[in-house]
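Report on the structure given below.
Chains as they are written, first to last, in the working numbering: chain A, 12 to 204; chain B, 69 to 335.
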């Protein structure tokens with residue numbers, strides 16, 4: 012009985028500690044990755060493709076693109092797709108997401124990034140950051156969740172605009188009017204405008 | 069001749085008179101409808117539990133994503149977005165690029181800061197109206213430090229030395245803070261996305277801009293145009309990047325505008 016009491020007590024007292032530790036660890040992980048990305052971005056000696064390849068190698072494992080693809084279609088459209096369609100959609104979506112992320116980082120990272128205290132919401136950790144760019148503050152919120160393989164990004168909010176939310180509205184628009192093939196066609200066109 | 073800026077605000081006042089009562093009564097702030105929740109439940113019932121687990125944070129997006137932006141003027145808005153797009157690529161961007169080629173970036177950042185410092189009364193008053201006294205205090209500190217040590221606001225020592233960030237607030241956000249909804253979405257010529265609430269908000273804010281009190285309308289208009297060109301010269305590539313992300317850039321920009329404003333109001 013007494014052992015149980017101590018066990019409960021230690022769980023009660025240690026839990027907040029472990030959670031706080033987890034938050035900081037996740038932030039540290041994200042920070043090390045992003046710092047590495049920025050150092051590559053600002054490295055003038057690295058050229059186009061090689062630079063992109065290096066950056067992709069560091070930051071891409073941080074994302075859970077499967078979940079992102081799923082969330083961007085949502086409960087309304089995702090379950091109705093066949094396995095093949097899901098794969099096809101995911102491939103094109105991931106391609107665009109990678110390119111989009113690199114573009115954004117290229118646009119905004121002329122100065123530095125400030126990390127604010129991470130927020131834990133159930134099994135998710137949100138890490139607010141600010142990019143200081145050209146006299147302005149641009150807020151970038153990294154949203155991570157605990158996947159089987161560790162903490163992964165499932166959404167980013169830039170200036171309060173969620174990537175998943177905006178894609179979802181757009182995909183919904185296409186899917187409501189047309190078919191999955193229309194969506195795929197539109198997805199292939201992205202990035203070439 | 070009256071300046072462009074003056075005419076712009078006359079147009080807004082005209083719109084305000086026409087729609088104010090309508091908007092306030094019909095569109096409360098939380099358009100996050102219960103209907104969308106009911107719809108959501110109906111959808112999830114049809115899905116087995118395994119799928120449900122995979123979507124355990126789907127709800128984070130479903131509620132708000134289903135908020136329909138009220139856009140009765142979509143025909144006009146789409147048209148004006150297209151006009152602005154052409155204006156951007158054929159007039160505004162070439163001009164801003166040319167200007168950016170002449171004035172080096174640090175100079176343009178300093179000019180941007182100078183104008184931002186002049187907007188201090190807008191930020192101060194709206195922080196006070198929202199009872200954000202700490203933020204208002206920070207704005208006062210920033211204004212004093214940047215106007216003196218920062219040499220008329222061209223520098224931002226309040227940020228670089230004291231780590232004080234500007235607390236951006238405008239009257240549109242103040243209205244939102246007190247529960248006024250967006251009203252309808254509207255695309256302004258040249259200036260781009262806004263909505264009824266934010267247009268109304270521009271009127272009191274305008275009276276808090278010191279430049280307004282210069283006695284020559286042409287000079288006022290020229291200053292606004294210069295400020296705008298200077299700002300855009302620092303942000304070339306952003307609009308292009310947004311367009312690349314969008315299947316339909318009209319709805320993309322519209323939803324992004326509304327999400328951005330909502331976040332700012334909640335802050």
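Don't be surprised by glycine CBs; every beta carbon is placed ideally from N, CA and C.
Asked	Found
Residue interval of the beta strand (DSSP E) (run including residue 263 of chain B)	260 to 263
Distance between residue 153 of chain A and residue 164 of chain B (C-alpha atoms, nearest Å)	32 Å
Rounded straight-line distance, which links the Cα of residue 216 of chain B to that of residue 144 of chain B	46 Å
Chain A residues whose Cβ lies nearer than 7 Å to that of residue 177 of chain B	145, 146
Proximal residues to residue 278 of chain B (C-beta, below 6 Å), its chain only, five neighbours per side dropped	186
CB contact flag (residue 189 of chain B, residue 276 of chain B, <8 Å)	yes
Delimiting residues of the beta strand (DSSP E) encompassing residue 137 of chain A	135 to 144
Residue 102 of chain A, buried or exposed, once every other Cβ within 10 Å from all chains shown has been counted against 16	exposed
Interface flag, residue 44 of chain A vs chain B, CB-CB below 8 Å	no
Where residue 327 of chain B sits in the DSSP three-state scheme	helix
Proximity test, Cβ basis, 8 Å: residue 181 of chain B and chain A	yes
Residue 62 of chain A beta carbon near the ligand MN (any heavy atom closer than 7 Å)	Absence of the ligand MN is noted for the structure shown, with no ligands found whatsoever.
Close beta carbons around residue 290 of chain B, own chain, < 7 Å, minus the five adjacent residues each side	none
Beta-carbon proximity check, residue 177 of chain A vs residue 324 of chain B, cutoff 8 Å	yes
DSSP beta-bridge partners of residue 151 of chain A	A:140, A:169
Beta-carbon neighbours of residue 306 of chain B, restricted to chain A and to distances below 7 Å	118
Alpha carbon of residue 114 of chain A to alpha carbon of residue 309 of chain B, nearest angstrom	7 Å
Same chain, Cβ closer than 6 Å to residue 203 of chain B, neighbours up to 5 away in sequence not counted	195, 235
is_contact[residue 327 of chain B, chain A] using C-beta, thresh 8 Å	yes
Closer than 8 Å to chain A by CB, residue 314 of chain B	yes
Inter-residue Cα distance where the pair is residue 39 of chain A and residue 142 of chain B	45 Å
DSSP state of residue 82 of chain A mapped onto helix, strand, coil	helix
Rounded C-alpha distance that separates residue 314 of chain B from residue 212 of chain B	42 Å
CB-CB length for residue 254 of chain B against residue 242 of chain B, believed under 8 Å	So it is not a contact: roughly 19 Å between Cβ atoms.
Residue 295 of chain B: contacting residues in chain A (beta-carbon distance under 9 Å)	Simply none; closest approach about 13 Å.
Touching by the beta-carbon criterion (3+ pairs, under 8 Å), the segment 52 to 68 of chain A and the segment 88 to 108 of chain A	no
Contact check, residue 82 of chain A vs residue 191 of chain A, beta carbons under 8 Å	no
Opening and closing residue of the beta strand (DSSP E) in which residue 254 of chain B lies	253 to 256
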